[in-house]
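Chains as they are written, first to last, in the working numbering: chain A, 1 to 394; chain B, 1001 to 1394; chain C, 2001 to 2394; chain D, 3001 to 3394.
This is the structure in C-alpha cells:
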C-alpha cells in the first residue's frame, strides 16, 4: 500500500554516495497486536531491524488514560524486534523511541511509521536516480535527556532539559541549523502519585500531583523546550509563568506527548541535512484553528505537492507520513460558532477534535493514514496546532 | 451572524414583482431549549410566524434512540410559534415540518435553519436589487402523505407514497420539472413494537419488528421514493428487493430520516421555480466516499462560489445553509485504509462519520454550522452520501 | 404501580385531625418530556396542583454538563403546572423546587417524586385509620436563601447561607429539633464564566472560575451548611479550609447538587413534626463505601422494614421514595481492590458509580425506582455516601 | 489479598492421600499487561507453571468487539508461561483455556483466576487438616471439540459438539454424574466474514454472516450443548428452533462466550469428584432477573456461607472465585420498571448490566473481584442469568 515507484533513472548510478539514507515506511495493522507488516518488510530485506531509529503510530484505543492499545502494540513491536535483533525486549523498550497516539476517530486508520537508516554501503534504488543532492535530504536524530525529577516537571528545568535533548538529536542527525529542522516529536514524563510522594519525602514540591494536569504541564514544557532550541523563544526563566497561560507563545514545529511510561524526555528530530542522501523531504505549517485547510496546502508546498482540492493519486503515493497536532478550542467557539466538544460527557474532547481535523486533512490528502494527536498546548497557535508532511521528491 | 449584505442596488426598485420570496435563516442556539434567535427575528419583523414553512436543524444530543434534544427543541419551537400565531402547539406539531438531526460532533455547531415565505406584498430588499430574474429563484414546497400502515414500511407501498408526496410538494412549490429540484428532505415513519402488534392483530406481516432495522428500511424506501419522483429510478416494484441490498441504486438529491414520532411521510422539496423571486439558489452533489472533497466544490460551482482551498469570508457570508448526508463505509475501509467506526463499542459509528465529514466540509466552507446526518442508505453513492448548499447569488 | 393499600381501619375515623398531611407520589415517565402520570394524578384529584411543594427526580440523560433531559423535564413539568394553576411557568420555575439528577444507569428507572401537601380539611383515607399519631408524621419545608454572589461560592458565606435556609425550611415544616430532620436536599448555585467576570469587574475574587470545580466547591459548602444547621459541625469559619480536603467531616443527612440554573441556595427539609399527620416516615443512614449493603438495612430499620435479603413485595409497596448519594472512591480502590472508574475515558466516573450502587440498593429493595446521585463530597463518609428511604408505616 | 488461613489442624496428617488437588488463585492486575502476581506465585513455588489448567479473568476494556485488553492480557500471560515452561507461546495459546471478559464497570475489579492442579505427591497444607474427605472435592476438567465448520455455528451440530466436549471434560475431571457438575464455562467460535465466504465457496450456507449475530447464536448453541450434557434438555434436533426464541429453555449451570479467536469449542467443567482432594467446593444458582439478590444467598448456602446482609470478612476470605452471567432484560423492564439500557447510544447495554449486577453481587460478598459477563442467552432465566461461587470449606 505504501510503495512509491520513482520515475525512471535520468542519471547514472551514484555509487560513490556513501551518505546514510532515511527510509520511512507507513504500515497497516489489523489490530494493536499486529506487527506482521513490519515482519514482512524485515523478511524481504527492505529494512534491517538494527537500522530502525524510531516508530510513531496511531492505535485504535480511546487515546485516554485507559487506552491499552499503545502498550499492547509496544509489547508486540518489541517482541518482534527482540527476536530479529537478538537483544532483550526490555533494552529495546528503553532505547528505541516508540511514540503512539491512541484514537482513530472517523476516517483515521490505524497505522505506524517506521523510520530506518540505511546500513553503510547499501544503496537505495530510489535515491540513485537523483544525482548528487548537494542540499542533502531528510535526516533523523534521536536523543534521551537525563531522567527528569518529579519536581522538575512543567518547570523551566524541564524546558531546558528538552532543549538540550533537541540539540543532542540535531547533532546526531547532522543538522547544522535550527531553521533546517522541520519537525520535532517529544515524549515527556509526567508526575505520578508515586513520584509525587517520593519527591515530597525528599523535601521537594511538585507543580501538581494530579496526573492529567501534570501531563498538560509537561507537554507545555516540552513545547517551550523545542521553541528555545529552535530559536522561536528565548531561554528566559521568566517565561515559566507563560506556560499554560500565554498561548500566543508556541513552537510551530513541536509535537509533544506525555506519559507515565517514560522517565526522561525522548526527542526525535527530523530535518534536512547535507550529510544525508535520499528523496525524502518534509514540510510543516502551523494551523490557526480546526478549520485551517490552508495550512495543509502550506505544508505540501515545499514538497512540490498541491491539492486542488485533493492530491492526485500519483502525488498521494509520494506521501510517506503525515503528522498533525490539534486542540478543541478552549474558548468554546470556532470562528464564532459554538462547538460542544468541551462539555460532552459521552465523548472526550480530544476524540472529537481528532475526528474533525483528521477528516479535514484526510480529505485533502485522499488518505486516512494520518497521525493526529490532541493535547497541542503551545504546539502551534491557540485553538489550532500544526501539520507536517514527509514525501518523496524528484 | 447570518446577515448577508448584498451589493448596492444596480437597478431601480422592482416593486411590481409580486412573486413569493423564500428566506432562509440559519440561527444559533445556546442549548436545545433556546429559540431566542427566532424570537428576535420575529420581534424585529424579519419574518412572520405564519410564513414559516419548515425548520431543519442540528441539536447537540448523541443522535441515537435516546437523543432527547430533538424533542426538547421541538417542544420549545412549537411553544414559541403557538404564542406568536395563536394556534395550539399540537396543531403546529402536526403541520409544520421540523426535521432535526442530533449530534454536533467535532467542529459542528448546533443551529437551525428556518425556511419562511414572504407575506404577499412584502418586498425583500435583497431581492429588489436584482432585477426581473426570469429564471425564478429557490422555491419550497411541503407535503404530507396519507398515514402509512406498519406493514407498508420499507416496501414498495412506501416508495410510492413518498413519490406521491414529492410530486405534491413540487406542485405546491410551483416547480415544473424534476430536473429543477435541487434537494428533497424526507422524514418517514418506522415500525414500533406497538404498531407491529396492531398490524399483526389485523392479519398483516411487517417487514421487521426491530425498530432500528425498520428505520433503515424506511430510509431506503424514502430514498427510492424520491428517486422515482425525480426520474432517477423507474417505478418498478421488482426493485423492492434492491432496497438495502443493491447500493448502486440511489438518489443523488434525497436526504431521508426516520422516526417514531411521525405516522405519515413528510416531504420538503427545494428547487428552482419561475414563480418565485429572490436571490437564493441551491446546489447539490453526490459524495462518492467520506474523503470526497471534490463534491463540495461541485455543489458550490452552480452558486458561483469557489473554495481555494476555503471560501473567502465574503463568499462564506453568502451561504445560507448546508446539508450533508454520509455513512461509515460498511465494508470497513475508506480508499483501502481500514477504519474502525463500525466496531467501536464506545462511540456510535454515525457519530464518528458525522464528525469526520463535518470536519471536512466545515474546513472547505470555513464554518461549522452544517447539517450533517448519517443513515445515508441509497442517498448518494455507497459509503458516501451527498452535499447541498443554499446561497445568495448576484 | 405506586398505590399503597393500608390495613383495614382499626380505629374510628379521626375527622377532627386538621393537621396537614404530606403525600409522596413516585411516578414513571416514558421519556423526559412525559408528565402524563402527574397529569393523571391531578385529573383524578389525588393531589392538587397548588399543593405541590417540591419535585425530585431522575431523568435518563448522561448526568453531565450536556445532559438536557433535566431541562426538558423541567420545561414539561412547569408547562403542565402552569396550565393547572393558571400561574406563569416562569414564576413556578423560580418558586417550586425541582431537583433532577440525570443518569439512569443499569437497573435504575426514570421517575420523579412529587411531594404534595394536603389542602386544608381534605382527609387522607390512609391516615384516618391510624389514630391520633401524637408523634406526628413526615413533614416537608422548603426555603430559598438570598441570591449568592459568585465570590461567596464555596466559601463560609455560602455555608452560612445554606445553614440559614435549612433553619427557615425547618420552621416552615414545623420541625422543632435538628434531630427530627431525616434528610435535607439542597441545590446550590455555582460560578459561571459570566458571573466570574461580573465579580472581577466589581473587585471581587472568586474561589475558582472553572465551572466544574466551582460545582464541587458549592456542593461541599452546601454539605457543611446542612451539617452546621443539624449540629453535625460547629459554625467555625476556620473549617473553610476543610472543605474538599478533610473528608472525615461530613453531614450524614445532606444531599447536595449544584447547577448553573439557580442563583440562590434551594433547600428541601424532610423530617418528623408533631404538627403533621399521616402514615409517612423517613429513615436515613450513611454508607461507608460503595459496598455498604448494611446501610440499606439501617435506613429501613426505623421504618419497620427488613430485607432478608430483599423486601417482600408487600413491604416494597410501602416504600414511597428512595434517595442515595455516592462517589467513586477517589483513592482508586474499594476495600483494597482496584477499581477503574476514575481513569475511564469512555464512561464518566459518576455514571459508573450510580450504576453500581443503584444495582446494589435496587437489589435489596426489589425496585429500580431509586434516586441515585453522584457528587457526594462531605455527604456521608469519604468514598461512600448515604441512603434515605420514605415509607408508609402502621 | 487472596490468602485463606484454615483453622488449626484437628486431625493427623493425611500423608497417604495421593489424590490431585485443585488450587484456585484470584490475582490482581495493575493493567492488562501485568501478570506479575502470577509470576510471583510461580517464583515462590505456590503453583507450578505446568500444573495450570485454565485461566478465567476480567480485564478493563469495554467488553466489545474493539476490546483489545483481552488480547493484550493473553499475550502477556502466554509469554510468561512460555518462559516458565520452555514451550512456545503459540502452542500454549492453542492448548491452555484462557477465557476473558472485558469490562470492569463500577466496583468490579480487574483480576484473573488461575486454576492449577497439584503435582503428584505435593501435599497441600490446607487439605491435610481435613481428613479423608470421602465425598471428594472440587475437580476440574478441560476439553476441546473438533474444529467447528462455519455452517455448524448456531445449529444442532454445534450443540452436540459442545455436549460431547462437556462429557470429555467430565471424564478428564473424574466427575461421574451430571448432577455433580457445578459450573461449565464454554468458549465457542463464531462466523467471521472470511469463514462465511469459505463456507459459501464450499457450497454451505451459514446461519448468519453477521459476526455479532453469529456470536449470539453460538452462545445459544453452547448453552444448549451444556444443557444436554447435564440432562437439563433432551438431545432433540427439533429444539434447534428454540434457540434465541424460547428463552424458557436454559441451562442453569452454563456460562458461554464466543469469539473470533477460537475455531473449536473450548470447555471447562467444574464439579465434585471423589477422585480429588482439597477444601474447595462450588455452589451455583440461577438468577431470575437483575435484582435477584436471593440467588446469591442460594449459591453461598451449600458452601456453608451466609450473608446477613454481607459476608463477614473471615467468610469473605474463604471465597476463591465468583462467576456471574447476566443480561439487560430485552423486554425493556425489570419488575415492571422501565430501564434504559437497550436504547443508550452512549453506553453499551452489556456495560450497563455488568455494572449493576456486579454492584449487587459485590455488595453481598463485600468484594469487587467478581467475574461478571453479559450475553447470557439460555444461561439461566430470561432477563436474569446465574451466579457460581468457589470457596474453601471446613
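Backbone N, C-alpha and C define an ideal beta-carbon position, used for all residues, glycine too. These figures come from a predicted structure and were not determined experimentally.
Extent of the continuous alpha helix (DSSP H) to which residue i belongs
i: residue 2307 of chain C; result: First-last for residue 2307 of chain C: undefined, no H or E at that position.
i: residue 3315 of chain D; result: 3313-3316
i: residue 3081 of chain D; result: 3069-3085
Residue i versus residue j - alpha carbon distance
i: residue 2325 of chain C; j: residue 2340 of chain C; result: 19 angstroms
i: residue 110 of chain A; j: residue 1155 of chain B; result: 39 angstroms
i: residue 1321 of chain B; j: residue 1249 of chain B; result: 27 angstroms
i: residue 330 of chain A; j: residue 1360 of chain B; result: 21 angstroms
i: residue 1374 of chain B; j: residue 59 of chain A; result: 25 angstroms
i: residue 408 of chain A; j: residue 2277 of chain C; result: Coverage of chain A is limited to positions 1 through 394, which leaves residue 408 of chain A absent and any answer about it impossible.
i: residue 3327 of chain D; j: residue 2362 of chain C; result: 16 angstroms
i: residue 392 of chain A; j: residue 280 of chain A; result: 4 angstroms
i: residue 1260 of chain B; j: residue 1211 of chain B; result: 9 angstroms
i: residue 1310 of chain B; j: residue 292 of chain A; result: 8 angstroms
i: residue 3069 of chain D; j: residue 3347 of chain D; result: 18 angstroms
i: residue 241 of chain A; j: residue 2247 of chain C; result: 32 angstroms
i: residue 193 of chain A; j: residue 207 of chain A; result: 12 angstroms
i: residue 1358 of chain B; j: residue 1244 of chain B; result: 25 angstroms
i: residue 41 of chain A; j: residue 139 of chain A; result: 21 angstroms
i: residue 2011 of chain C; j: residue 2073 of chain C; result: Any reading at residue 2011 of chain C must be qualified, since the residue scores a pLDDT of 46, below 50, and its modelled position is unreliable; no value is offered.
i: residue 235 of chain A; j: residue 99 of chain A; result: 27 angstroms
Beta bridge counterpart(s) of residue i as assigned by DSSP
i: residue 3390 of chain D; result: D:3282 and D:3321
i: residue 2287 of chain C; result: C:2385
i: residue 174 of chain A; result: Paired residue(s): none; residue 174 of chain A is not in a bridge.
i: residue 55 of chain A; result: A:98 and A:114
i: residue 3257 of chain D; result: D:3187
Beta-carbon separation (whole angstroms), residue i vs residue j, contact threshold 8 angstroms
i: residue 1053 of chain B; j: residue 1188 of chain B; result: That pair is no contact at about 19 angstroms.
i: residue 3286 of chain D; j: residue 3381 of chain D; result: 6 angstroms
i: residue 3288 of chain D; j: residue 3384 of chain D; result: 5 angstroms
Where the beta strand (DSSP E) through residue i begins and ends
i: residue 1025 of chain B; result: 1022-1028
i: residue 2141 of chain C; result: 2137-2147
i: residue 2252 of chain C; result: Premise fails: residue 2252 of chain C is in no beta strand (DSSP E) and is neither H nor E.
i: residue 2361 of chain C; result: Unbroken run through residue 2361 of chain C is the alpha helix (DSSP H), 2349-2365; no beta strand (DSSP E).
i: residue 1102 of chain B; result: 1098-1102
i: residue 3272 of chain D; result: 3264-3273
i: residue 2185 of chain C; result: 2181-2189
Distance cut-off 7 angstroms: residue i Cβ against heavy atoms of the ligand GTP
i: residue 3294 of chain D; result: The model depicted lacks the ligand GTP and carries no ligand whatsoever.
Name, going along the chain, the residues of the stretch 292-303 of chain A whose beta-carbon falls closer than 9 angstroms to a beta-carbon of chain B.
Taking a C-beta cut-off of 9 angstroms against chain B, the contacting residues of the stretch 292-303 of chain A are 292, 293, 294, 296 and 297, listed in chain order.
At a Cβ cut of 8 angstroms, what residues of the stretch 2069-2083 of chain C count as close to chain B, listed as they run along the chain?
Answer in chain order: 2069, 2071, 2072, 2075, 2076 and 2079.
Residues from the stretch 3097-3113 of chain D in contact with chain C, defined by Cβ distance under 7 angstroms
Under the 7 angstroms Cβ criterion, the stretch 3097-3113 of chain D contributes 3104, 3105, 3106, 3107, 3109 and 3110.
Of the residues that make up the stretch 49-65 of chain A, which ones have a beta carbon closer than 9 angstroms to any beta carbon in chain D?
So the close ones are 59, 60, 61 and 62.
Within 8 angstroms of chain D by C-beta, residues of the stretch 22-38 of chain A in sequence order
Taking 8 angstroms as the Cβ-Cβ cut-off against chain D, the residues of the stretch 22-38 of chain A that qualify are 31, 32 and 33.
Under 7 angstroms, CB to CB, which of the residues in the stretch 332-349 of chain A have a partner in chain D?
Answer set for the stretch 332-349 of chain A: 346.
Return the residues of the stretch 346-373 of chain A that lie within a Cβ-Cβ distance of less than 8 angstroms from chain B, sorted by chain order.
Taking 8 angstroms as the cut-off between beta carbons, the residues of the stretch 346-373 of chain A near chain B are 346, 347, 351, 352, 353, 355, 356, 357, 358, 359, 360, 362, 363, 364, 366, 367, 368 and 369, in sequence order.
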